[in-house]
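The next block holds one structure in the form of C-alpha cells; read it before the comments.
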Amino acid sequence: MHSDGLGTFSAAQSRSKKLEEKIRQNHKAFRVLTGERPTGLLHIGHLFGSIMERVRLQQLGTEVFVLIADYQVMTDRDELGAVTSNAYNIILDNLAAGLDPEVTTFFVHSQIPELNQLVLPFLSLVSESELHRNPTVKAELEASGGKMSGLMLIYPIHQAADILFCKGNVVPVGKDQLPHIEIARVIARRFNERFCGDGSIFPLPEALLSNTSLLPGLDGRKMSKSFGNAISLSMTNDDTAALIRRSETDSTREISYDPENRPGISALLDYIVLARGQELNAESLHLVVDEINSDPKYGAGLLKQKATDAINDFLEPHRTKRAEYAKNMDYITEVLKNGNIKAREIAATTLHEVSVAMGTVY
Ligand code: TRP
C-alpha cells in the first residue's frame, strides 16, 4: 500500500498533535470512533490506554462512538465465547470511568447490518495483495501456520467500515493500529474518487495517538487476562494486592527503570506513575525510582506496596461506581439497545448515500 503521510511514526505523531489542536479549537467538526473486542474483562491497560482518552474527548465536547467489535472476535478464534457478558462488562467499565450514554453511543457489530454491508463495496477498492501486506494480517498468517480465516484477511477493511459508516474522523489508537487507519483513509479516498464525482461522501479519518496504549502486564508482556498478568478493573483490592505480591521481580535491591532487563519492576513503576495521575515519561519515572531508593525499606517489597496502594486508591471510585451500575443490569442492556438503534440509523443513511453514488437504488 502506498504511504499516506502516515508513513513514519514521527509523522503520525506530529499529525496527531495537530489533530488535537484542531479538536480543541472546534470540537463540533469531529466525531470520534473507537472500538474494542469483547474478549474478556477490561484491565488497567484499557483504562489508561483508551477509556480515559474517550472520557477526555467526551469532556472536550466531541461526539464519541464506542464499538464493541463482536464480529472481530471471530477473526482468530473458533468461538465467540462469553461475548454478551463481556460486552456488558465493557459498558459497565466505560460508564464507571465517566462516559455518558446520553452523548456517547455504544454499539455492536452484529446488530448493524448496514455497517457490515459496506464491507462489500469497500473490498472492491483494494487488491488482494494489499490485504496481504497489512502487518497484522501478515503476522496472523504466520502465527496460524497458513490457517488464517477469511475474516481475518479482510479485517482491516471491516475496520474501515467501522470507522466510515458513521463518518468518524478521529480514531484514538495505539501505534499498532496505524496501518488500519491508513487503509481506512485509502478506502475513503478511493470511494470518493471512483463514485462521488466532484463531491465526496467519506471524510479521511485521522489517528489520535495514545502513548499509554501499550501498557505492559505485570511480567512485561502485553497485558492480557490469558497471561495472568493483568489487573482487571473489576478485581477487589485484596485480589489486586495478591496479584502484585506474586508478580516476578528480581534479586537486585536497588530499583531502576529498565523494561528490557527488569520487566516486572518497570511495569510496576509505570503503574505507580499513571495511578498517581501523572504523565508517563522519563522524569516522572525517575522521581518514583528515587522515592523508593531513598527509603530505608527500599526494594521490590516497597515497590509492590506502593504500586498496590496507588492502584487501589486510583481505582476506588471506579470500582464503587462500577458496583453501583452493576446492580441494575437492565439499564446496561438498555444503553446498548439504544446505542444500536442510533448506530443503525446512521449506518442506513450512509449505506443509502453509498447506493446513490454507486447507482444501486431500486
Ligand atoms: N482492532 C481493535 C482492537 O483489537 C478494535 C477495533 C475494531 C477498532 N474496530 C475498530 C479500533 C475501529 C478502532 C477503530 O483493539
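When we follow the working numbering, the leftmost residue of the sequence shown carries the number 73, and every step to the right adds one. Glycine included, every Cβ here is placed at the ideal spot set by N, Cα and C.
Whose CA, out of the options, lies closest to the CA of residue i?
| i | options | result |
| --- | --- | --- |
| residue 206 | 232, 186, 185 and 411 | 232 |
| residue 385 | 408, 313 and 219 | 313 |
| residue 310 | 388, 270, 418 and 341 | 388 |
| residue 345 | 334, 97 and 359 | 359 |
| residue 229 | 218, 109, 187 and 241 | 187 |
| residue 144 | 108, 403 and 210 | 108 |
| residue 210 | 197, 252 and 423 | 252 |
| residue 404 | 89, 166, 90 and 133 | 166 |
| residue 353 | 370, 374 and 329 | 329 |
| residue 225 | 241, 247, 191 and 246 | 191 |
| residue 81 | 415, 280, 303 and 347 | 280 |
| residue 273 | 146, 423, 114 and 91 | 423 |
| residue 163 | 333, 98, 148 and 393 | 393 |
| residue 117 | 349, 308 and 294 | 294 |
| residue 303 | 93, 383, 260 and 156 | 383 |
| residue 87 | 216, 325, 282 and 428 | 282 |
| residue 90 | 420, 182, 242 and 399 | 242 |
| residue 321 | 371, 349, 97 and 133 | 371 |
| residue 327 | 373, 147 and 146 | 373 |
| residue 227 | 171, 355, 299 and 147 | 147 |
| residue 338 | 347, 189 and 357 | 357 |
Is it buried or exposed for residue i, if we count other Cβ within 10 angstroms and need 16 for buried?
| i | result |
| --- | --- |
| residue 368 | exposed |
| residue 378 | buried |
| residue 364 | buried |
| residue 289 | buried |
| residue 413 | exposed |
| residue 440 | Beyond the ends of the chain as shown, which are 73 and 434, falls residue 440; an answer cannot be given. |
| residue 151 | exposed |
| residue 175 | exposed |
| residue 401 | exposed |
| residue 103 | buried |
| residue 223 | exposed |
| residue 323 | exposed |
| residue 115 | buried |
| residue 33 | The structure shown does not extend to residue 33, since the chain is modelled only from 73 to 434, so the question has no answer here. |
| residue 334 | buried |
| residue 428 | exposed |
| residue 121 | buried |
| residue 269 | exposed |
| residue 395 | exposed |
| residue 244 | buried |
Which residues mark the beginning and the end of the alpha helix (DSSP H) in which residue i is found?
| i | result |
| --- | --- |
| residue 263 | 250 to 267 |
| residue 126 | 124 to 131 |
| residue 228 | 227 to 236 |
| residue 317 | 309 to 318 |
| residue 344 | 335 to 347 |
| residue 87 | 81 to 97 |
| residue 422 | 401 to 430 |
| residue 194 | 185 to 195 |
| residue 205 | 200 to 205 |
| residue 324 | Element bounds for residue 324: n/a, residue is neither H nor E. |
What are the boundary residues of the beta strand (DSSP E) that residue i is part of?
| i | result |
| --- | --- |
| residue 303 | Element bounds for residue 303: n/a, residue is neither H nor E. |
| residue 281 | 278 to 281 |
| residue 273 | From DSSP, residue 273 is part of no beta strand (DSSP E); its letter is neither H nor E. |
| residue 389 | First-last for residue 389: 372 to 398, but that is the alpha helix (DSSP H), not the beta strand (DSSP E). |
| residue 244 | 242 to 245 |
| residue 361 | It is not in any beta strand (DSSP E) - residue 361 instead sits in the alpha helix (DSSP H) that spans 354 to 365. |
| residue 145 | No beta strand (DSSP E) contains residue 145, which is instead part of the alpha helix (DSSP H) from 142 to 145. |
Roughly how far, in whole angstroms, is the beta-carbon of residue i from the beta-carbon of residue j, given that I think they are within contact range, below 8 Å?
| i | j | result |
| --- | --- | --- |
| residue 126 | residue 138 | 7 Å |
| residue 342 | residue 305 | Not really, about 17 Å apart at Cβ, beyond 8 Å. |
Which residues in the same chain as residue i place their Cβ atom closer than 6 Å to its Cβ, once the five residues preceding and following it in sequence are excluded?
| i | result |
| --- | --- |
| residue 239 | 275 |
| residue 418 | 238 |
| residue 411 | 177, 178 and 179 |
| residue 316 | 376, 379 and 380 |
| residue 213 | 220 |
| residue 256 | 232, 235 and 277 |
| residue 434 | none |
| residue 319 | 290 and 336 |
| residue 340 | 375 and 379 |
| residue 76 | Since pLDDT at residue 76 reaches only 47, below the 50 mark, its modelled position is unreliable, and the value read off the structure follows with that caveat. Around residue 76: 254 and 257. |
| residue 183 | 412 |
Excluding the five sequence neighbours on either side, which residues of its own chain have a C-beta within less than 7 Å of the C-beta of residue i, listed in chain order?
| i | result |
| --- | --- |
| residue 169 | 119, 123, 124, 127 and 390 |
| residue 112 | 158 and 297 |
| residue 218 | none |
| residue 74 | Unreliable positioning characterises residue 74 in this predicted model, as indicated by a pLDDT of 43, which lies under 50. A coordinate reading is not provided. |
| residue 246 | 121, 282, 285 and 286 |
| residue 95 | 102, 132, 134 and 242 |
| residue 301 | 289, 290, 291, 293 and 295 |
| residue 85 | 281 |
Taking CB distances under 8 Å as the criterion, tell me whether residue i reaches chain C.
| i | result |
| --- | --- |
| residue 177 | You won't find chain C in this structure, because it holds only one protein chain. |
Enumerate in chain order the residues of its own chain whose CB-to-CB distance from residue i is below 8 Å, with the five nearest sequence positions on each side excluded.
| i | result |
| --- | --- |
| residue 193 | 263, 426 and 430 |
| residue 159 | 110, 140, 142, 180 and 408 |
| residue 204 | 210, 213 and 225 |
| residue 349 | 386 |
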